[in-house]
Amino acid sequence: MSGVADSTPGDLLLGSRGSRLFGRVQRGGVLLATASTVVVFGAIGYLIVTAPGWAKVQKAFFNADVFAASFPDIARALLVNVRIFVLAETLILVLALGLAVMRSLPGPVFFPFRLMAVAYIDFFRGVPGVLVIFLLALGIPGLRLQGVSSDAFLWGVIALVLVWSAYVAEVYRAGIEAIHPSQEAAARSLGLSRVQALRFVVLPQAVRRVIPPLLNDFIGLQKDTALISFVGVIEVFRRTQIEAGGAFNFTPYLVCALFFLAVTIPLARLVDFLAARDRRRQLAGTRAR
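Counting from 1 along the sequence shown, just add 291 to a position and that's the residue number in our numbering.
Next up, the structure:
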């Protein structure tokens, strides 16, 4: 009972879960977890390889020769996706922050700005991204406007920026609204204007709070770069289709999936790390109080 009495609320809420998990690991849980994993995945593997159609599936999806032949070209095409991702994400972070600030502006005088931000966010969150890509990458060049580029790559990136800015703006807004109003009030009492309080006090804290969900959106954006292939840009997915069509085999799709996993899994683990660090920081603050 003394151990429970001496525990802080943070220990009871956060530490108890970890203590149960790691306590079992120390008492032989690793062996049990390993054995159960081997049994479960072994059973799944056995069911697959003993299925009547396994030989045909293996030839169609797991052909080693096709895998080796298509790997280099698909790897080079992945660089196009990385380029799309870097360009789009840079613009998204800026545009989304502006939208979040517009939607968070208080007072009736800023109502038109809040209305525009809400309309933008509702529209681009409601329309499927692939439709926006089609409308911009095919519709804008079809107008044949003087001096306007008809590059499908450019308009595909712009479409991704427009769509994902709406989602990221809501992440930013959640971070801004999570900052207690007393923070802004304290900044105003020190002589800062409303804009200065937002810039130097509220936004730095809000951005730190939303880094994990922002990285989750990065993962979604990385996968959505494949949508640009629908308007003729030869990126990793389009190259995979070409390789699969040339080999009359589906193994290139396995190569494509492995490349996406190689990009997204490290980002997912980074999200877990940052979320765990944030929990430890909150626990430390609870103990300090």
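By construction, the Cβ of each residue, glycine as well, lies at the ideal position given by its N, Cα and C atoms.
Just so we're clear, the structure is a prediction, and the values are computed from it rather than from any experiment.
message = Measuring alpha carbon to alpha carbon, tell me which residue in VAL462, THR341, PHE362 is nearest LEU386.
response = The residue you call residue 386 lines up with position 95 of the sequence shown. For LEU386, the nearest C-alpha among the options comes from VAL462.
request  = Indicate whether ILE449 and PHE521 have their beta-carbon atoms separated by less than 8 Å.
outcome  = The sequence position of residue 449 within the sequence shown is 158, counting from 1. The sequence position of residue 521 within the sequence shown is 230, counting from 1. Not closer than 8 Å, so no.
query = What number of angstroms, rounded off, separates the C-alpha of GLU526 from the C-alpha of ILE383?
reply = If you number the sequence shown from 1, residue 526 lands on position 235. If you number the sequence shown from 1, residue 383 lands on position 92. Whole-angstrom Cα-Cα distance: 21 Å.
request  = For LEU561, name the three-state secondary structure that DSSP assigns.
outcome  = By one-based count along the sequence shown, residue 561 stands at place 270. Three-state result, LEU561: helix.
Straight-line gap, TRP455 to ARG490 (C-alpha atoms, nearest Å) = As a working mapping, residue 455 is identified with position 164 in the sequence shown. As a working mapping, residue 490 is identified with position 199 in the sequence shown. TRP455 and ARG490: Cα-Cα distance of roughly 23 Å.
message = Closer than 8 Å is the cut-off here; do at least three beta carbon pairs connect the segment 485-505 with the segment 335-343?
response = no
task = Taking PRO504 as the reference, give the member of VAL392, VAL562, ARG367 with the closest Cα.
result = One-based indexing of the sequence shown puts residue 504 at position 213. Among VAL392, VAL562, ARG367, the Cα nearest to that of PRO504 belongs to VAL562.
query = When you compare each of ALA408, LEU451, PHE550 to ALA428 by their alpha carbons, which one comes out closest?
reply = Translated into positions along the sequence shown, residue 428 becomes position 137. ALA428 has its Cα closest to that of LEU451, out of ALA408, LEU451, PHE550.
query = How many Å lie between PHE444 and TYR544 at the Cα?
reply = Numbered from 1 along the sequence shown, position 153 holds the residue referred to as residue 444. Numbered from 1 along the sequence shown, position 253 holds the residue referred to as residue 544. Taking the straight line joining both Cα atoms gives about 22 Å.
ask   = Among residues of its own chain, excluding the 5 on either side of PHE528, which ones have a beta-carbon nearer than 7 Å to its beta-carbon?
value = Indexing the sequence shown from 1 puts residue 528 at position 237. Result list for PHE528: ALA517, SER520, CYS547, in chain order.
task = Tell me whether the beta-carbon of LEU390 lies closer than 8 Å to the beta-carbon of ALA379.
result = The residue labelled residue 390 in the question sits at position 99 within the sequence shown. The residue labelled residue 379 in the question sits at position 88 within the sequence shown. Against a cut-off of 8 Å, the Cβ pair of ALA379 and LEU390 comes out as no contact.
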